[in-house]
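J.: The structure follows.
Numbering (UniProt numbering), first residue to last: 1 to 318.
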């Protein structure tokens, strides 16, 4: 029996054929399988998880602690409903923004989500940048599941350049107006969604609004806030990379590393070229690795010229 990962054009050949011995994703005699997509901020984790979600019968669990809060969709870079492409998402924008979402909260809610997803014979795909939360989840439930770690990596200088441009795009989309309601003269930037990069950085700028300060001063404060957002986002990316390295080298997590640096280097060449590079360098290899993990059989390539980025239908068992 074969599971085909079908493109949205039904006349197109499947990207790869996945051998399988039965109609169910999960073999009851084995541990339930869980895929984790890891990487620093901005590396494309959400995109990859959704690509995989359109290939396999699966649902996605968010493990980004800031994205778990309600609000700040632009500043926290939450995937939109359109970007989710019909793949169900859990723990995304579900928590009160003014109360803490702890690692224990995440573990409890993620565990329930995994059980529910597996009960529907779907694959849980966990994705997000809060590696300390993921580590807590794996340590708490490590013996219960069969874990598969995909690490999406990008060279730091290339990633820093991309992140800087992404902040500018967020500003154009309305990030500053989105941040403004979370400003408070007496606000605590160590709790809840106010910990999000962007809220504390814009504190002085928001304090200047409604004052008699001259426009030149206000513009300087605005520019400083943007520089702060960029700098702190890059610092976060470095810390996330270091934690992943620790999980791999100290904790001995067996990670499948995918280097997407070439994809990011091609962003200036046009979307089509970058999308094609993503398909060949990231999407197709990831799909094959996950298929091997799920079905424990070798995967044969089938027509590598197919356009992976066009996938939108969910793989079914037939």
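Positions of the beta carbon are idealized from the N, C-alpha and C atoms, including for glycine.
Note that the structure is predicted; figures quoted are calculated from it, not measured.
1) Should residue 77 go down as buried or exposed, given a rule of 16 or more other Cβ atoms within 10 Å for buried?
2) What's the call for residue 119, buried or exposed, on a 16-neighbour Cβ count within 10 Å?
3) Give the straight-line distance between the Cα atoms of residue 81 and residue 67, rounded to the nearest whole angstrom.
4) Hey, out of 35, 280, 271, 282, whose CA is closest to residue 124's CA?
5) Using DSSP with H/G/I as helix, E/B as strand and the rest coil, what is residue 106?
6) Does the Cβ of residue 191 have 16 or more other Cβ atoms within 10 Å, making it buried, or fewer, making it exposed?
7) Quick one: any contact between the stretch 236-247 and the stretch 153-170, if contact means 3 or more CB pairs under 8 angstroms?
8) Would you kindly work out how many angstroms separate the C-alpha atoms of residue 139 and residue 114, rounded to a whole number?
9) Using the Cα positions of residue 251 and residue 135, report the straight-line distance between them to the nearest angstrom.
10) Which one of 40, 31, 224 has the shortest CA to CA distance from residue 233?
11) Using the Cα positions of residue 247 and residue 132, report the straight-line distance between them to the nearest angstrom.
12) For the beta strand (DSSP E) that residue 255 lies in, which residues bound it at each end?
13) With a Cβ-Cβ cutoff of 7 angstroms, do residue 356 and residue 38 count as a contact?
14) Could you pull out every residue in the same chain whose Cβ sits closer than 6 angstroms to the Cβ of residue 203, ignoring the five residues on either side in sequence?
15) For the 8 angstroms Cβ check, are there 3 or more pairs between the stretch 168-176 and the stretch 43-56?
16) Grouping DSSP H, G and I as helix and E and B as strand, with all else coil, what is residue 337?
17) Give the straight-line distance between the Cα atoms of residue 208 and residue 84, rounded to the nearest whole angstrom.
18) For residue 165, does the count of other Cβ atoms within 10 angstroms reach 16, so buried, or fall short, so exposed?
19) Keeping to the same chain, check which residues put their C-beta closer than 6 angstroms to that of residue 319; ignore five residues upstream and five downstream.
20) Name the two residues that bound the continuous beta strand (DSSP E) containing residue 276.
21) In the DSSP assignment, find the beta strand (DSSP E) that holds residue 61 and state where it starts and stops.
22) Determine the burial state of residue 370: buried for a count of at least 16 other Cβ atoms within 10 Å of its Cβ, exposed for fewer.
23) Put residue 193 into one of helix, strand or coil per three-state DSSP.
24) Can you tell me whether residue 176 is helix, strand or coil according to DSSP?
25) Which ranges would you report for the alpha helix (DSSP H) in the stretch 108-174 if only whole runs of at least 4 residues count?
26) Taking Cβ to Cβ, would you say residue 63 is nearer than 7 angstroms to residue 142?
27) What number of angstroms, rounded off, separates the C-alpha of residue 97 from the C-alpha of residue 218?
28) What does the alpha-carbon distance come out to for the pair residue 230 and residue 79?
29) Give the DSSP-derived three-state secondary structure of residue 24 in the structure shown.
T.: Walking through what the data contain:
1) buried
2) exposed
3) 14 angstroms
4) 35
5) helix
6) exposed
7) yes
8) 15 angstroms
9) 10 angstroms
10) 40
11) 10 angstroms
12) 255-259
13) It is not possible to answer for residue 356, since the shown part of the chain is limited to 1 through 318.
14) none
15) no
16) Since the first residue of the chain shown is 1 and the last is 318, residue 337 is not available in this structure.
17) 38 angstroms
18) exposed
19) Residue 319 is absent from the structure shown; the chain starts at 1 and stops at 318.
20) Unbroken run through residue 276 is the alpha helix (DSSP H), 271-278; no beta strand (DSSP E).
21) 58-62
22) Lying before the first or after the last residue shown, residue 370 is absent from the chain, which here runs from 1 to 318.
23) helix
24) helix
25) 131-141, 156-173
26) no
27) 28 angstroms
28) 20 angstroms
29) Because the pLDDT at residue 24 is just 47, under 50, the model does not fix this residue reliably, and the value given afterwards should be weighed accordingly. Coil, per DSSP.
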